[in-house]
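Asker:
Residue numbers (our numbering), protein chains in the order written: chain U, 600 to 979; chain R, 98 to 612.
1. Apart from the five residues on each side of it in sequence, which residues of its chain come closer than 8 Å, Cβ to Cβ, to residue 345 of chain R?
2. Would you decide whether residue 271 of chain R is buried or exposed? Buried here means 16 or more other CB atoms lie within 10 Å of its CB.
3. Please identify, using Cβ separations under 8 Å, the residues of the stretch 231-245 of chain R that lie next to chain U, in order along the chain.
4. With respect to the alpha helix (DSSP H) encompassing residue 404 of chain R, which residues constitute its N-terminal and C-terminal limits?
5. For residue 923 of chain U, count the other beta carbons within 10 Å of its own beta carbon; 16 or more makes it buried, fewer makes it exposed. Which is it?
6. Check residue 458 of chain R in the structure and name its three-state DSSP category.
7. If we ignore side chains and look at the alpha-carbon of each, how far apart do residue 458 of chain R and residue 322 of chain R end up?
8. Please report whether the beta-carbon of residue 534 of chain R lies at a distance below 8 Å from any beta-carbon of chain U.
9. Cα-Cα, which of U/857, U/949, U/876 is closest to residue 714 of chain U?
10. Hey, out of R/241, R/184, R/119, R/278, whose CA is closest to residue 602 of chain R's CA?
11. Pick helix, strand or coil for residue 188 of chain R, following the three-state DSSP scheme.
12. Can you check whether the C-beta of residue 520 of chain R is within less than 8 Å of a C-beta belonging to chain U?
13. So, does the CB of residue 873 of chain U fall closer than 8 Å to a CB anywhere in chain R?
14. So, are the CB atoms of residue 881 of chain U and residue 649 of chain U less than 8 Å apart?
15. Please report how far the alpha carbon of residue 528 of chain R lies from the alpha carbon of residue 560 of chain R, in whole angstroms.
16. Looking only at its own chain, which residues have a Cβ that is under 7 Å from the Cβ of residue 582 of chain R, when we skip the five neighbours before and after it?
17. Can you give me, in chain order, the residues of the stretch 777-790 of chain U that have a beta carbon less than 8 Å from any beta carbon in chain R?
18. Please compile the residues from chain R whose C-beta is within a distance smaller than 7 Å of the C-beta of residue 756 of chain U.
19. Using a Cβ cut-off of 7 Å, pull out every chain U residue sitting near residue 469 of chain R, in sequence order please.
20. Please name the residue in U/752, U/619, U/809, U/697 whose C-alpha comes closest to that of residue 778 of chain U.
21. Is residue 451 of chain R close to chain U, meaning its C-beta is less than 8 Å from at least one C-beta of that chain?
22. List in chain order: all unbroken alpha helix (DSSP H) runs of 4+ residues lying wholly within the stretch 112-193 of chain R.
23. Within its chain, find whatever has a CB closer than 6 Å to the CB of residue 421 of chain R; leave out the 5 residues flanking it on each side and keep chain order.
24. Count the CB pairs spanning the stretch 528-540 of chain R and the stretch 433-449 of chain R that are closer than 8 Å, and state whether there are at least three.
25. Pull out every residue of the stretch 394-421 of chain R whose Cβ sits closer than 8 Å to any Cβ of chain U, in chain order.
26. Have a look at residue 893 of chain U and residue 899 of chain U and give me their C-alpha separation to the nearest angstrom.
27. So, using beta-carbon positions, are residue 153 of chain R and residue 264 of chain R closer together than 8 Å?
28. What residues match up with residue 394 of chain R in a beta bridge as DSSP calls it?
29. Say whether chain R places a C-beta atom closer than 8 Å to the C-beta of residue 979 of chain U.
30. Taking the DSSP output, what are the residues bridged to residue 328 of chain R?
31. Could you pull the DSSP bridge partners for residue 298 of chain R from this structure?
32. Mind pulling the alpha helix (DSSP H) runs of 4 or more residues that sit fully within the stretch 510-575 of chain R?
33. What residues from chain R crowd round residue 826 of chain U, counting only those whose CB sits closer than 9 Å?
34. Using C-beta distances below 7 Å, list every residue in its chain close to residue 855 of chain U, excluding the 5 sequence neighbours before and after it, in chain order.
35. Examine chain U for any beta-carbon lying closer than 8 Å to the beta-carbon of residue 446 of chain R, and answer yes or no.
36. May I have the straight-line CA-CA distance separating residue 826 of chain U from residue 764 of chain U, to the nearest angstrom?
This is how it looks when you write it as C-alpha cells:
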C-alpha cells in the first residue's frame, strides 16, 4: 500500500519529483564546492549554459512526443551557428539580416528532414544519423575547418548580454500579471459555460507558488546584472511552446500522432503534415540555439554543438517524455536540461575529470528513466 | 470422466483488491475433469481479473482465498508455475509472433531441442503438424510464418499451443470474437473433443449460444461477486442474461421503424489489391448503393474483404485501391480519411485499440480528435467550449468515465467504443460506416449502440454496418450485402431473411439474389 501511494504521488506530481531532484543536486554541489554553487554569479552562468540545450530540448520534446527522434540537431546547431558567423564576418551582412536568413535556413533544413521522414518514409533515426554526418561536413566546408571571428558586437550581445535589472523586474511582473489574467479569464469562461470549477484556492496557491519562484529567480539574477538574454529568450520559448502544446490544434495533433498514428490518421488528421511541422520547428530551434551559441563564444567554431543532440534528447527523457511517443511536456524537458546543465557546471567547478563527467551524466540519464518506469508512467 | 464431487480445480472465496477497491469479492469456481464451465458476466464484472488470478499473472499472496488443484493447494507465483501444473489460458487477443513460423509459435518457450540447445525443427514440425491434424487443420504449412494465415487459423494455432503444453485445464477467453460462423463451429467441435479426452475447460464468452452449446455448467459473476452456478440444463440464454444484468432484458434489438429515402451514396467498381502480393485482389469490382436513412448490413466470412471494402471507401486502405464514389449525386474523390470526413463520410474502424483510440489521450481529447477545428480559431483551441461539447457527448452517449481528462485506455471496451462513436458523430456524417461496432463490448453497451444506430437512421443518416455476428446484421439491417472472396455474392432485402441464407451465400453454396 505504502509503496503504491508513493508511486501514485510520483506519477501525479512528476514535476515536483524532478524539482526535488534538481534541489538535491544543487544542495550536493553547494556543499561539495563549499558554498560556491548557489551564488548569483554561478546560477547566472549555469542558466546561460543551459539555454542552448534548453532551446534544442523545446523542439526535441515535440519530435519525441510525435514518436520520432532527430539525431542531427547537434550538427545542425553547429552548421547554422557557423553560417551566421560566415554571413556576418566574411560577407559583412548586418546582424538582423544574418539572423533572419539563418532562422529561415533552419526551418528549410528542418522541413527537408521532415520530407525525408514523411514522404520518403525513411525512419527518422536514420535521417538524423545521416544529417548528423552531413551537416557536420557542411559546417567544416563553410568554415574551412577554422574558427571564424570576431563576430559583430550586437550579435555577441545576444549571447553574453543581460536584460537590465529594472527591465527584468518589470518583465517578471508582466509575466505574473498575464498569468493572473489568464486564470481569471478561464474561470469566467467556465462560469459562463456552466462547467465545473476547481476550488478557487487551488488557483491562488498555484499562482502564489509560481509567483514566488519567479520572484526568487529574478531577484537572484538581478544581483548579478539581470537576467541573461539567452535565458530570457528561453523563458519566452517556454511560454510559446507550452501554449503550442496545450492550447492549439497543432499541439493536440502532435500528442495524438505520437499516441496512436493510425487512429489519428483515421480521425481525418493529416499526420504527415503534423510531422513535417514538428521537424520544421526543430530546425527553427536549431537556428535559435546555433545563433546564441555563436554569440556566446563570439565566434563560429567547426566543433560547435558536438553531442548537443544527446544532451537535448537526454533532457527530454529525464523530463518525462515517453520513448514510445505521445507523452511529455515542454517544462519537463527544460527541467531535464537544467539537470544536465547543473551536472556539467557542478562537476566542472569540482574539477572532476572529464571522463567521470560523462559516466555520471550517462548514469543519471538511465536512473532518471528507471525512476520514471517505476512510477508506472512509461507503461502502456 | 471423474466422479461426482471430485473437482480438478477449485477456487474458494477469492478476493482481489486494487488500491482498496475490491475487483473480486469472494468468488467460487469449480471445474471437474472433462467438464466445461461457462463463465459469464458483463464487461467489468471481474472475469479478466479472475482469469489473471487463476493463471498466476497475479502471484499467490497478492489476493485472498485459496486455489485447490486436484485437492491440493496451488500456490502459483507466475504463469510458468500454473502452466507447469497444467493450466493454460488462451487470451482474447492473440499472442502469436507474426514473423515466426507456425511451429515456432506453437512451441514458443517450450522448444524441442537437441543437445547443445539446437532447435529440433524436424521434431517440432512433425509434432505441430500432428497437433493441427487433431484440430482438423490440414491445409497449414507449419514452417511458414503465422502472419500468412487468417485470424481463424491463428486462434486454432493458439489452441494447438495450449495442447502442446499438455493442458489439463484450458481457459478460453472470448475465443470466437474474431472468428466466422464456420470457424466458430470448428472451434466448438474441438472444445467438445477436448472434453471427451478429459480436459477441463473454462469458457468465457458474451456469445451465449456458444456457452449454451458447449458448457455443462454456467457460473455468472457480476460486480466482482459470485451470483450463481447452475447446470446448463436448468438454464437458457434469457435466464443467463437475466443473471448477468440482474434484470430481464426485453430484447437487444428494439427494431425501430424508420423511413428510407432516395439513393444518397453510390460506390462503383471498388477494387483493392493486396499490399504484399499485388497480384491478389482483396476486393474485386464491388458496386452498391445506399439510400438515405438506410441501414445496410455487410456480412461475410473473415477474409471476405468487407473491412478492405469499407476502408477503401473511407480512403484508409493501406494498399492500392480504386473506386468511383458518388455522394448526393456528385462524384466524390477520397484520397485520405480527412477528405472522407469532410465530405460527410465517417468510419468507426474494426480494431478499436489500434485504429480507434489514442490510449494515452484523455476521453475528451479522443472525442474531439476528428473535429478539433470546430473549437479553434487561428489554431487556438477554445478549451472551455471544447469541454462543454465533450461533457454533452459523454452524457448523451452514456460514456462512463470519472473525468473527461482520464486516459481513454482506462475505460472498458464498451465505453471506449461509445467515445469513438461520439468522435465520428461530432463530424455530422451523412454516411456512417461501422466496422464490427460491438466487438468486445458488453451487453449493456451493445444495446445502447443498437439504439443509437436506429436513432441515427431515423435522423436520415445512412449506415453501413459490417458485422460477423449474423443476429446483429439481421436484427439491424434493412438490406444485407454478402461478400465472399472479395466479390459481392448477394444483395438481400432483410425481409424474412435467415441466417442460413446469408451463410449459404457467404460460402457460395446458395442461390444468388439479384444484385
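Ideal placement from N, C-alpha and C gives every residue a C-beta, glycine not left out.
All of these numbers come straight from a predicted model, not from anything done at the bench.
Answerer: If we stick to the structure as given:
1. Bear in mind that the predicted position of residue 345 of chain R carries a pLDDT of just 44, short of 50, making it unreliable; the figure below should be weighed with that in mind. Result list for residue 345 of chain R: 335, 338, 339, in chain order.
2. buried
3. Of all residues in the stretch 231-245 of chain R, none has a Cβ within less than 8 Å of some Cβ in chain U.
4. 403-410
5. Around the beta carbon of residue 923 of chain U, a 10 Å sphere encloses fewer than 16 other beta carbons of the protein chains shown; the residue is thus reported as exposed.
6. Residue 458 of chain R: coil per DSSP, three-state reduction.
7. A direct Cα-Cα distance of roughly 32 Å separates residue 458 of chain R from residue 322 of chain R.
8. no
9. U/876
10. R/278
11. Looking at residue 188 of chain R - three-state DSSP - the assignment turns out to be coil, as it is neither helix nor strand.
12. yes
13. no
14. no
15. Cα to Cα, the separation comes out at about 6 Å.
16. 401.
17. 785, 788, 789
18. Near residue 756 of chain U there are no residues of chain R at all, since even the closest Cβ is about 33 Å away, more than 7 Å.
19. 848, 851
20. U/809
21. yes
22. 144-151, 176-182
23. Excluding residues up to 5 positions away in sequence, 365, 366 lie with their Cβ nearer than 6 Å to the Cβ of residue 421 of chain R in the same chain.
24. yes
25. 411, 413
26. 5 Å
27. no
28. R/562, R/577
29. At residue 979 of chain U, the pLDDT of 41 sits below 50, so the modelled position is not reliable and the matter cannot be decided from this model.
30. Residue pairing from DSSP places residue 328 of chain R in a beta bridge opposite R/314.
31. Bridge partners of residue 298 of chain R: R/133, R/267.
32. Contiguous alpha helix (DSSP H) elements confined to the stretch 510-575 of chain R occur at 510-522, 540-555, 567-573, taking only those with 4 or more residues.
33. Result: empty, since nearest Cβ-Cβ is about 28 Å, beyond 9 Å.
34. 863, 868
35. yes
36. 7 Å
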